[in-house]
Every structure is written in structure tokens, then in C-alpha cells.
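To start, the structure under review is shown below, and the notes come after it.
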Amino acid sequence: MKEAIETFKKDKLIHKKYAYKIISEAQKLFRALPTLVDVTIPENKKFTVCGDIHGQFFDLVNIFEINGYPSTDNPYLFNGDFVDRGSYSVECILTLLGFKVLFPDHFHMTRGNHESQEMNQIYGFESEVKSKYSSLMYDFLSETFEMLPLCYCLNKKVLVMHGGLPKEEVSLNEIRKIDRFRKPPSGGLMCDLLWSDPTKMVDNWTESKRGVGIQFGVNITERFCKMNNLDYIIRSHEVKMQGYDLMHNDKCITIFSAPNYCGTIGNLGAYIILNSPDLKPEFYTFQAESSAKIKPMAYASKLFSYMT
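Taken in order, the sequence shown gives residues 95 to 402; the numbers are from the working numbering.
So this is what it looks like as C-alpha cells:
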């Protein structure tokens, strides 16, 4: 993978036959996974969780340079929204899928709300793939996105999803039963896992300003964690100026790994290191890289809005 990464750094692409091979092998792995994947982190080992990347390839590589490249001794979970907005989404997704193929049990990827055709048509990924490769490649990657798991449960203590929680009482078994092999619905449990956001404004829940999903309060988080014997949840989906945020009595953590989002926001990026067995989160922040020659949103529709 390091050869591919060096190729991408030079604003070049790997040959399409290698790209197809990576995607095909990754599909075999994702297809075999459940909707909620249980991950065991061995005692005295670390586990890194990263948030949104959004096509910011040079920032993705910077994470690996700082924290170490993925390996059996350095496992990662990337929590959705790998593509769109940033103009190196192709390079990001091929890098991530490549590491999944190399380390299938130690490299994990969650589906985000941007792993969908509806979002990719607006925010640039479709145009980028067709420009750099082909329509067939885009269809192949869209198919792959529908295979991605929705949640990961770490040592039966921490649940990771891209968006957030539903307003209803939900068990982990109900999440396991979701048919994820489809386009995201406009409502219901799968939608909430991809789209919902925590809030401090209400204790229970309210409608989302996004127009999809909900805003869930501390009572929803506390109830969900208690019902499912969890210490806390990790989600992404929202820009945070420090790269991370803790809410709901520290039971709801947001992690966002795209610094200077869209080239304009000025936020830090962050990732979390969890050390087994206690899984107490340690937060690490980093500045944006300035190596990208193609500006963010170069492939996006002119009708876009800033809905993450």
C-alpha cells in the first residue's frame, strides 16, 4: 500500500486493474460481515478510532505518519464519510480499502451518510470517480458502500456508529437485524445511525436541523448505554473545532478527522486511542496538511450545501 500512497502523493493514480482488484477483494470481506461487528481489543493493546476524512487524502496520510501505519499491532477503525467534498476521495477510498484487504481483522470501516449515491451525486465523489476512472468504477464503489457495516462494538463496552441514536429504545440485537445492503432510508433505525446528532438543547429528542435523523439528548444516550451495558458511544458526522467533543456526561464522544474542513473552517483534526482493557479514550489532535493541489469541492455540484 505504501507504493500506492506514494503514487497518489504525486497526483497520479494506480492502474485501474489494481483498483478493481482492491475493491473486489474488499467486497468479499464486507459481504461476510454482520451489520454490527464485535471487535475484541486484546489486553494492553491500543486501538485507534478516526472520524470523517471527506476526501482529504494528505490529512489521512498524516494520521498514519503521526500514529503509525495500519498493521496487526496497530489496528484502526475509520468511522464513515471517507469521500465527498475533498478532491482526493478516490485516493482516500482506495487507500482505506487497500488496508482493509491487507489487515482484514485489524482495519475496520463504518458506513457514513456520505457512503450513498444520493450524497455522492451532489458532493463530488461521483464526478471525481468518473473523471479519474470511469462510470463502471463508480458503480462498483457504490455497490461496496452498501456492504459496509453500520456499527462496531468494542470489547462489549463501546459502540461506534457514524451518526447517532434513534429516539426509540433499541437493543444491539435490533441493530444486528438491520438489512444494510441498500440505499439509506429516509427514516428509521438505519437512518438514525447514519444521520442523527447529539444535542445539549433538550434532554430527550427533537427534530434535526438537517431534515433527516433526529437530535438526541442526554436521556436518550443514558438510556441506550444502560440498556445495552455500554460505557459510552463514539460517533462522528459533525465538525468540531478541536477535532473532538464530549457530551451527555462523557457518554457521547464525537470524533472528526478532517482538519480545516473544506479548506475554510480552520478546525483541528483528531483521532482517539483506546487502550485495553479499560478503553479510556485518549484524544490526539493535528493540523491540516497543505499539500493538496486540487481545492476541496472541485468536483461537487454547484448546488451543494454544507450539510455533513
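Just so it is clear, CB atoms sit at the ideal spot from N, CA and C, and this is done for glycine as well. Small disclaimer: the values here were computed from a predicted structure and weren't measured.
Asked	Found
Reduced DSSP category for K261 - H, G, I as helix; E, B as strand; rest coil	coil
Cutoff 6 angstroms; reference Q336; Cβ partners in own chain excluding five residues on either side	L362
Contact between the segment 344-354 and the segment 319-333 (3+ Cβ pairs under 8 angstroms)	yes
Identified DSSP bridge partners for C144	F172, Y365
Neighbourhood of Y170 by C-beta, 6 angstroms cutoff - its chain only, sequence neighbours within 5 removed	T142, P164, F201
Straight-line Cα distance separating H342 from K294	8 angstroms
Pair within 9 angstroms by beta-carbon distance, N356 and H208	Residue identity differs from the one stated: residue 356 is Cys in this sequence, not Asn. No, the pair does not count as a contact, with Cβ atoms beyond the cut-off.
Pick from N313, D167, E240 that is closest to V296, judged by C-alpha positions	N313
Alpha helix (DSSP H) segment containing M321, residue limits	312-321
Closest Cα partner of A394 within the set K115, F176, G218	G218
Nonlocal neighbours in the same chain, by C-beta distance under 7 angstroms from M213, ignoring five residues either side	D178, N207
Alpha carbon of C186 to alpha carbon of A98, nearest angstrom	11 angstroms
Same chain, Cβ closer than 8 angstroms to A364, neighbours up to 5 away in sequence not counted	G145, K334, Q336, G337, Y338, I349, F350, S351, F377, Y378, T379, F380
Of the listed residues K277, V131, I160, M241, nearest to K250 (C-alpha basis)	V131
F201 - partner residues in DSSP beta bridges	Y170
Range of the contiguous alpha helix (DSSP H) that encloses I135	First-last for I135: undefined, no H or E at that position.
Close-in-space but distant-in-sequence residues of the same chain around F234 (CB under 6 angstroms, 5 per side omitted)	I117
G311, buried or exposed, once every other Cβ within 10 Å from all chains shown has been counted against 16	buried
S228 versus S280: straight-line alpha-carbon distance, rounded	29 angstroms
Distance between beta carbons of L123 and L248, contact taken as under 8 angstroms	Not confirmed; about 19 angstroms, so no contact.
C-beta neighbour in chain D for K224, strict 9 angstroms	The structure shown contains no chain D; it holds only a single protein chain.
Coarse secondary structure for I349, derived from DSSP in three states	strand
Neighbour-count burial assignment, L230, 16 or more Cβ in a 10 Å radius	exposed
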